[in-house]
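Sequential numbering from 9 applies to the sequence shown in this note's numbering. Ideal placement from N, C-alpha and C gives every residue a C-beta, glycine not left out. Just so we're clear, the structure is a prediction, and the values are computed from it rather than from any experiment. Remarks on the structure that follows.
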Amino acid sequence: MLVHYKCPNCGADMEFDSASGHLACDSCGHEEHIETYDDVNITQSFEEDEAKEYHCENCGAIVLTDTDTTATSCSFCGAGVVLADRLSGDLAPAKVIPFTISKEEAMQAFKKWCKNGRLTPKGFMTADRVKNITGMYVPFWMYDLDNDVDVKATGTKVRTYRRGDYRYTETKYYRVHRDIDISYLKVPVDASEKMNDELMDKLEPYDYNKLESFKTPYLAGYLAEKYNYTDDELFDRVKAKIKGFLDTYIASTIRGYSSVSYQQKNIRTKKAKSYYVLLPVWMVYYDFDQQEHTFAMNGQTGKIVGKPPLSYSKAALWFSGIAGGSFVLFKTIAIMLGGDIL
Numbered sequence: 009m010l011v012h013y014k015c016p017n018c019g020a021d022m023e024f025d026s027a028s029g030h031l032a033c034d035s036c037g038h039e040e041h042i043e044t045y046d047d048v049n050i051t052q053s054f055e056e057d058e059a060k061e062y063h064c065e066n067c068g069a070i071v072l073t074d075t076d077t078t079a080t081s082c083s084f085c086g087a088g089v090v091l092a093d094r095l096s097g098d099l100a101p102a103k104v105i106p107f108t109i110s111k112e113e114a115m116q117a118f119k120k121w122c123k124n125g126r127l128t129p130k131g132f133m134t135a136d137r138v139k140n141i142t143g144m145y146v147p148f149w150m151y152d153l154d155n156d157v158d159v160k161a162t163g164t165k166v167r168t169y170r171r172g173d174y175r176y177t178e179t180k181y182y183r184v185h186r187d188i189d190i191s192y193l194k195v196p197v198d199a200s201e202k203m204n205d206e207l208m209d210k211l212e213p214y215d216y217n218k219l220e221s222f223k224t225p226y227l228a229g230y231l232a233e234k235y236n237y238t239d240d241e242l243f244d245r246v247k248a249k250i251k252g253f254l255d256t257y258i259a260s261t262i263r264g265y266s267s268v269s270y271q272q273k274n275i276r277t278k279k280a281k282s283y284y285v286l287l288p289v290w291m292v293y294y295d296f297d298q299q300e301h302t303f304a305m306n307g308q309t310g311k312i313v314g315k316p317p318l319s320y321s322k323a324a325l326w327f328s329g330i331a332g333g334s335f336v337l338f339k340t341i342a343i344m345l346g347g348d349i350l
């Protein structure tokens, strides 16, 4: 089923407006509160392995989508539509964070970000080769995790002192045992096969206090995808994601020793809860030097991530100022540029 959100005032299509948080009509300016706009309840089954055709009720054109698309726009009249049969039952998200940054604001923020690039080519800094910018709701699984941690280690304390003409070193050994219960709430992992996992991880954090109960009008005017992986299939990845935080926390409980060696570190992670959410992302596609570069922007906070091209002449001048003209760390610089800092 193809769903349009019609303006009750003039009959034109309405889209979600990130500035007001309402459905808005571009034709007459009328706005509707999502909470009071009629919900669409669909129980129709979803065919997992087939692309589908939909007839746009606005202009009659045929909209063809792949199996992962849950919201799109008509290629002919531009009307934003939601494929509600792909958002029902097990495919229905529990929560959504609506866009708070408009397309115009996203474009201006991206141009500003490009101009701040100290080590990027001059042509890239002009930010005038944006091929496309697309607002997309990306599917994530969000986990509440309980961790039981059992640690056995040996700590040493070393004391050095003098007696007469001799210098002594005294080493004492201590058995260390920690039994820790630690929980993490709302740990997100993107569930889209198409999205780059590293890019999506770097977009964090979102303000999860702004999670709203899912309603299909939030998707009007944006692209959206359903998840490709279940919460069980991504459980190993979320455990790997929190491992560094757990190791840091464990180390923080064992202080005051000269050294610590671990004999045992057992971490049992249990899934207390998981829920399917949609998070807002602006995808920016930029043509430069006969290559397409992909960047992503957090649609709530405006944080931008991606790997811009590196100007080796700029890098040489920059690095020569602090290392006497050595270029050994060029590859390190390139890796550093993979984050949200130019």
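First and last residue of the uninterrupted beta strand (DSSP E) at residue i
i, result
"Ser110", "Unbroken run through Ser110: none, as it is neither H nor E."
"Glu233", "Leu231 to Glu233"
"Leu153", "Val138 to Arg171"
"Tyr265", "Taken as a continuous stretch (DSSP letters only), Tyr265 belongs to no beta strand (DSSP E), as it is neither H nor E."
"Asp215", "No beta strand (DSSP E) contains Asp215, which DSSP labels as neither H nor E."
"Ala304", "Gln299 to Asn306"
"Glu178", "Tyr174 to Asp198"
"Gly310", "From DSSP, Gly310 is part of no beta strand (DSSP E); its letter is neither H nor E."
Buried or exposed by the 16-neighbour rule on C-beta atoms within 10 Å, applied to residue i
i, result
"Thr224", "buried"
"Gln52", "Unreliable positioning characterises Gln52 in this predicted model, as indicated by a pLDDT of 31, which lies under 50. A coordinate reading is not provided."
"Phe253", "exposed"
"Phe145", "The sequence given here places Tyr at residue 145; Phe does not occur at that position. Tyr145 should be labelled buried."
"Lys281", "exposed"
"Tyr182", "exposed"
"Tyr151", "buried"
"Val354", "Past the edges of the chain, shown from 9 to 350, lies residue 354, and the structure says nothing about it."
"Gly229", "buried"
"Met22", "buried"
"Tyr294", "buried"
"Val166", "exposed"
"Ala232", "buried"
"Ser26", "buried"
"Asp198", "buried"
"Ala59", "Because the pLDDT of Ala59 is 46, which lies under 50, any placement of that residue in the model is unreliable, and the question is left without a value."
"Glu375", "In this structure the chain extends from 9 to 350, so residue 375 is not present and cannot be described."
"Ser114", "The displayed chain sequence assigns Ala, not Ser, to residue 114. The residue in question, Ala114, is buried, as its Cβ has 16 or more Cβ neighbours within 10 Å."
"Cys36", "exposed"
"Ser200", "buried"
"Trp121", "buried"
8 Å contact criterion, which residue i and residue j should meet: CB distance rounded
i, j, result
"Ile109", "Gly310", "6 Å"
"Ala161", "Ser269", "6 Å"
"Tyr284", "Pro106", "Actually they do not touch by this definition, with Cβ atoms about 16 Å apart."
"Thr1", "Lys180", "Because the chain spans 9 through 350 in this model, residue 1 falls outside it and cannot be assessed."
"Val289", "Phe118", "Rounded, the Cβ-Cβ distance is 13 Å, inconsistent with contact."
"Val157", "Ile262", "Not really, about 12 Å apart at Cβ, beyond 8 Å."
"Gln272", "Val195", "Their Cβ separation, rounded to whole angstroms, is 25 Å, which puts Gln272 and Val195 out of contact at 8 Å."
"Glu220", "Lys103", "7 Å"
Delimiting residues of the alpha helix (DSSP H) encompassing residue i
i, result
"Ala248", "Phe243 to Ser260"
**Report entry** Stretch-stretch touch, CB-based, cutoff 8 Å, three pairs: the segment 276-285 with the segment 165-182
**Finding:** As far as the Cβ criterion goes, the segment 276-285 does not touch the segment 165-182, which means the pair count is below three.
**Report entry** Three CB pairs or more closer than 8 Å across the segment 293-313 and the segment 182-194
**Finding:** Look at the beta carbons and you see the segment 293-313 not touching the segment 182-194: under three pairs across the two are nearer than 8 Å.
Query raised in the report: Is the segment 233-245 touching the segment 28-38, taking contact as three or more C-beta pairs under 8 Å?
Result: Contact between the segment 233-245 and the segment 28-38 is absent, because fewer than three Cβ pairs lie under 8 Å.
Query raised in the report: Quick one: any contact between the segment 12-19 and the segment 204-219, if contact means 3 or more CB pairs under 8 Å?
Result: No: the two stretches stay apart, fewer than three of their Cβ pairs being nearer than 8 Å.
Report task. Examine the Cβ distances between the segment 138-146 and the segment 239-258 and report whether three or more of them are shorter than 8 Å. Result -> The segment 138-146, when compared against the segment 239-258, does not touch it at the 8 Å Cβ threshold.
Query raised in the report: If you scan the segment 18-47 from start to end, which runs of the beta strand (DSSP E) of 3 or more residues do you find wholly inside it?
Result: Complete beta strand (DSSP E) runs here, min 3: 22-25 and 30-33.
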